[in-house]
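Below you'll find the structure, written out as structure tokens, and then a few comments.
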Amino acid sequence: MIELKDVELTYETGTKALKGVTLTIEDGEFVFLVGPSGSGKTSIIKLMTSELTPTAGTMFVNGFHLESIRARDIPYMRRTIGVIFRDFRLIADKTVYENVSFAMRVIGASDAEIKKRVPYVLELVGLENKGRRLPNELSGGEQQRVAIARALVNNPSMIIADEPTGNLDPQRSLEIMMLLEQINSLGTTVMVVTHAMELVNRFTKRVIAIDDGLIVSDGMDGYYTNE
Amino acid sequence: MNKNNIGYLLKEGVRGVFLHGFRSFAAVCVTVACLIIMGSFCLISLNLNVMVSELESENEVLAYIDENYSEAEAKSVGSQINMIANVKNAVFVSREKALEQFVSEQDDASIFEGIDAETLRDRFEVTLVDNTIMKQTVSDIEQINGVVKTSAHYEISDGFQTVRNVLNLTSAVIILVLLVVSLFIISNTVKLALYDRKEEIAIMRMVGATNSFIRLPFIVEGFLLGIIGSVIAFFIEWGVYDLLAERIEAMDTLQLFRIIPFTTVLPFVLVAYLITGFLVGVMGSMLSIRKFLQV
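Going down the list, the sequences are from chains A and B.
Numbering follows my numbering, in which position 94 of the first sequence is assigned residue number 94; successive positions increment by one, without gaps.
Every number in my numbering is 1000 more than the matching position in the second sequence, counting from 1.
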């Protein structure tokens, strides 16, 4: 569960990125976070992953109070979230299998656990036959699937996807969104940050719109006006 | 640190050394060069210190005995001199022996023929444990009944002390500077590796890697670079030292120098190299990693 209450974020430069954001995302929800560039979407993600600390307000993410979290607890908080980026962020000299298993290594999983879990997740994202390939041997859509597999492999309670379709054509984008919807149907909370208006409107999901550091709308109608 | 990770992280550290082959080679070369220079200064300093100590031990204090004492009485004073803590040894030299020595040191011994030994005094040639407290020891000797006069070369003693101090100080400064240089080089090598793997580290952090998980492979890498460098440096030092020692001993003009055999100092040099390599490698890595681990 995610709970932000009157969250403010001011950068060292004095720029006010968030001016009092309050929102709640329940477990198992699928949420779109939309808004123009510079509206504060990335700031919210950075706060949720504890890359930044709120200047004011309270944040509760999967059992952790982020406004007061201790540095040594941050890795454990991050293990409850899987993050997907627009540019995939895969390790170029590791195979697909290694890129995914790497995330399990990090949390201290045993070889037996890795051997059992990684093939299952690769199958879930439709890459069961591509485990030995290197990222540059895959299409953009497939690379994003690897990133999704990596985000999923540790069974996080939430997936945050930051512009996951930004580098993909419409067909691949739709496939990725459908994959995320499928993951959500298995019980994982999914938050997708995107600019893709058509894609948002294609799914009947909760849409939170943010502009100039404030939430300007939050509802199920899916309507979103691009800048 | 989870036990499942230890083997994997050690392997990653070793992989890092070979993955960045040229950079690792450069770091090892610089470490070897610094360690050899450091080691050479230590060994030169050690040899010179031993030489100075030997020369110093020849700087004796002469304690003259009352001329009214019989030889037996004069000899008995020796036990009192030997009781002084800083006295290493007191050798009795009778007046006859002293005259004989004196005459033999002259170019034209015939001039001194006929001189009566009675004109001289019995004496003790006293060598000291620590020449830096020569004045105090001489004063103690002068307090002994039967000792009427002493003769000591303080300026020689002070000169040796100065030479020793300069040597030690120079060596210490050079060693310190080279230690910092080695630390800097290893630190920069690891820093480059960190920059190379910046993206990987960012991903590791994003998926919940702890700082120790991120840190260990780089520490292993630094450790290996340091240890490899120190082992290579040790063997080169050994070879070069033996070669130079052989050459110096073979040269007539350098007979004054008596070189300590490397085998005598081998365990000390090996341990010193390994410890220095270890510290330089591990500390160099840790210095670089610190800034990357700010969460």
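From the three backbone atoms N, C-alpha and C, an ideal C-beta is built for every residue, glycine too.
Computed from a prediction, not measured in an experiment: that's the story for all the values here.
Taking 3 residues as the minimum length, the beta strand (DSSP E) runs contained wholly in the region 1056–1133 of chain B are 1061–1065, 1087–1093 and 1123–1128, in order along the chain.
Interface criterion met: the Cβ of Asn154/A is under 9 Å from a Cβ in chain B. Taking a cut-off of 8 Å on C-beta distances, the region 21–37 of chain A touches the region 197–217 of chain A, as three or more cross pairs fall below it. Listed in chain order, the positions of the region 34–60 of chain A with a beta carbon within less than 9 Å of a beta carbon of chain B are Thr49, Ser50 and Glu51. Residue-level contact check: Ile91/A touches chain B, since one or more beta carbons of chain B fall below 9 Å from its beta carbon. Across the structure, Leu199/A and Phe1278/B are spaced so that their CA atoms are roughly 57 Å apart.
When Cβ-Cβ separations below 9 Å define contact, Ile183/A makes no contact with chain B. For Ala17/A, same chain residues with a beta-carbon under 8 Å away, outside a window of 5 residues either side, are Leu9, Thr10, Tyr11, Gly40, Ser43 and Gly213 in chain order. Counting the other CB atoms within 10 Å of its CB gives Val1030/B a total of 16 or more, which places it among the buried residues. Leaving aside the five residues that flank Ile1289/B on each side, the residues in its chain whose CB is nearer than 6 Å to its CB run, in chain order, Arg1215 and Phe1218. With contacts defined by Cβ atoms closer than 9 Å, Val1028/B and Leu1225/B form a contacting pair. For Ala161/A, none of the residues of chain B pass the 7 Å Cβ criterion, the least Cβ distance being about 13 Å.
Ranking Glu26/A, Leu52/A and Gly28/A by CA distance to the CA of Val7/A puts Leu52/A first. Annotation for Lys19/A: the continuous beta strand (DSSP E) segment containing it runs Lys16 to Ile25. Here the alpha carbons of Arg86/A and Pro36/A stand approximately 16 Å from one another. Selection Gly1016/B, Met1051/B, Ile1037/B and Pro1267/B evaluated against Arg1258/B yields Met1051/B as nearest (Cα-Cα). Those residues of the region 1174–1206 of chain B placed with their C-beta closer than 7 Å to a C-beta in chain A are Glu1199, Glu1200, Ile1203, Met1204 and Met1206, ordered along the chain.
Nearest to Ile1084/B by C-alpha distance, out of Val1126/B, Phe1184/B, Ile1203/B and Tyr1064/B, is Val1126/B. The beta carbon of Asn1131/B lies closer than 6 Å to those of Glu1056 and Ser1157 in the same chain, with the five residues before and after it left out. Of all residues in the region 1205–1228 of chain B, the ones placed with a Cβ closer than 7 Å to any Cβ belonging to chain A are Met1206, Val1207, Gly1208, Ala1209, Thr1210 and Phe1213, in chain order. If you draw a 10 Å sphere on the C-beta of Gly1013/B, you find 16 or more other C-beta atoms in it, and that means buried.
Between Ile1065/B and the set Ile1236/B, Ile1006/B, Ala1033/B and Val1093/B, the nearest pair of CA atoms involves Val1093/B.
Excluding sequence positions up to five before and after Met1204/B, its CB lies within less than 6 Å of the CB of Ile1214, all in the same chain and listed in chain order. Any Cβ of chain B closer than 9 Å to the Cβ of Ser110/A would place that residue at the interface, and such an atom is present. The C-beta of Asn1165/B comes no closer than 9 Å to any C-beta of chain A. Taking a contact to require three or more Cβ pairs closer than 8 Å, the region 1141–1158 of chain B and the region 1067–1082 of chain B qualify as touching. When the beta-carbon positions are compared, Asn154/A and Ala112/A stay at least 9 Å from each other. Neighbours of Tyr1008/B in chain A, taken as residues at a C-beta separation under 8 Å, are given in chain order as Arg105. Across the set Ile1201/B, Asn1004/B and Gly1039/B, the C-alpha of Gly1039/B shows the shortest separation from the C-alpha of Gly1239/B. Under a 10 Å Cβ-count criterion, Leu1176/B is classified as exposed, with fewer than 16 other Cβ atoms of the shown protein chains found around its own Cβ.
As the crow flies, the alpha-carbon of Leu1169/B is around 22 Å from that of Tyr1154/B. The Cβ atoms of Leu122/A and Val100/A lie closer than 9 Å to each other. Within chain B, the residues whose beta carbon sits less than 7 Å from that of Pro75/A are Gly1208, Ala1209 and Thr1210, listed in sequence order. A distance of 9 Å or more separates the beta carbons of Ala1117/B and Glu1142/B. For Met158/A, the enclosing beta strand (DSSP E) starts and ends at Met158 to Asp162. Using a CB distance cut-off of 9 Å, Asn1004/B counts as an interface residue toward chain A.
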